[in-house]
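Position 44 (the sequence shown) corresponds to 43 in numbering that gives the first Met the number 0; numbering is contiguous. Ideal placement from N, C-alpha and C gives every residue a C-beta, glycine not left out. Let me begin by presenting the structure, written as structure tokens, before commenting on it.
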Amino acid sequence: MRFLYLFILVFFAGFVQASFGLNIYIFRLDILLLLVAYASRYIELEETIIMGAISGLLMDVFEPQFLGAGIIARASSAYFFAIYYHLLLIEKPLQAGLGISAGSLISSIIYTLLTPYRSNFPYILFARIIPQAIFMFLVGYIFFLLKRIEFKISKGYYVS
């Protein structure tokens, strides 16, 4: 049942990301990556990797000529998230943001190297991948900061 719930959640997030094209200049708000990172804190390693692979499959649907590259890239970043959050017991928003940034780097680098875009890898690395990772760090930091504040409010820490 939990797997079905995760599948529906990833599918819905992929639909939102694809439908609304959440782009700001060259930056793309990667809801799927953020969702996999957040969920990896609460689910097992295998489920995290499956969730990452499903998000990669949704990526591949939009560029079918590179079928498999997104699955491998996202499953690899999901594996990183699972190890990062479970072994290091990340609690602080800064650490979570750094993890999301690293996951974004891993996913983007693997995807680029598995597709014909690898011929322009140095340019893509500095023009797209690193700026995207910095953007995802900021998004991840803000997201986990808000989640931490929401948790503290729910526990009554900020009640006047």
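Item                                                                                                    : Value
Distance check for residue 10 and residue 60, CA to CA, integer angstroms please.                       : 12 Å
Which of the three DSSP states, helix, strand or coil, is assigned to residue 164?                      : This structure gives no information on residue 164, because the portion of the chain shown stretches from 0 to 159.
Buried or exposed, going by whether 16 or more other CB atoms sit within 10 Å of the CB of residue 126? : exposed
What residue does the alpha helix (DSSP H) around residue 32 start on, and which one ends it?           : 30-38
Along the chain, where does the alpha helix (DSSP H) that runs through residue 131 open and close?      : 129-153
Identify which residue in 91, 102, 95 has its Cα closest to the Cα of residue 78.                       : 102
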